[in-house]
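Residue numbering for the sequence shown follows my numbering, starting at 1 and increasing by one per position.
Cβ atoms here follow ideal geometry from the backbone N, Cα and C, with glycine treated the same way.
This structure is a prediction, so every number in the text was calculated from the model and none was measured.
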Amino acid sequence: MAYTIQSNSIHRKNVYLDSSATHRVGLQSKVGLQTLDKLIVLCLVALAVAASGVLVSKYVTASELNYQKQELQQQIATFKEVNTQLEMKIAELSSPERIYEIAVNDIGMSTASPENVKIVQRVRVAEVESYYGGNIN
Numbered sequence: 001m002a003y004t005i006q007s008n009s010i011h012r013k014n015v016y017l018d019s020s021a022t023h024r025v026g027l028q029s030k031v032g033l034q035t036l037d038k039l040i041v042l043c044l045v046a047l048a049v050a051a052s053g054v055l056v057s058k059y060v061t062a063s064e065l066n067y068q069k070q071e072l073q074q075q076i077a078t079f080k081e082v083n084t085q086l087e088m089k090i091a092e093l094s095s096p097e098r099i100y101e102i103a104v105n106d107i108g109m110s111t112a113s114p115e116n117v118k119i120v121q122r123v124r125v126a127e128v129e130s131y132y133g134g135n136i137n
């Protein structure tokens with residue numbers, strides 16, 4: 001409702017103003033700032049969540065790799081111990097005394113007499129070629 005003053009008398013005039021339009025203009029600036037602020041806060045929160053997710057992911061990956069490293073170090077230690085035991089077993093099994101014992105007791109071999117032993121010397125190819133005149137065929 002609007003009031004007009006005419007000649008010292010107040011007359012009531014029915015004027016309809018669009019009050020919602022006035023309020024909307026005022027609210028738009030307020031709501032616009034609040035919406036922009038909310039959008040900025042939302043973006044910052046989303047960025048913080050994404051950054052923390054990346055950090056947690058990196059931490060989990062580092063933890064898994066550290067666990068795998070410890071497992072591999074333990075396996076290496078176990079394999080080194082097994083290798084040491086196998087080397088000792090090889091030395092034990094290839095000892096000349098053991099081989100002689102198996103040859104005599106299990107296979108029935110005996111020590112050869114000196115007249116049955118032939119000593120073979122290593123001959124170089126060059127010596128053989130010179131002996132045969134260069135043709136080995």
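Between the alpha carbons of residue 128 and residue 116 lies a gap of roughly 26 Å. Between residue 104 and residue 110 a beta carbon distance of about 7 Å is seen, short of the 8 Å cut, so the two are scored as contacting. Pairing residue 99 with residue 133, the inter-Cα distance amounts to about 43 Å. Distance from the CA of residue 84 to the CA of residue 55, rounded to the nearest whole angstrom, comes to 43 Å.
Shown here, residue 53 sits in a helix according to DSSP, grouped into three states.
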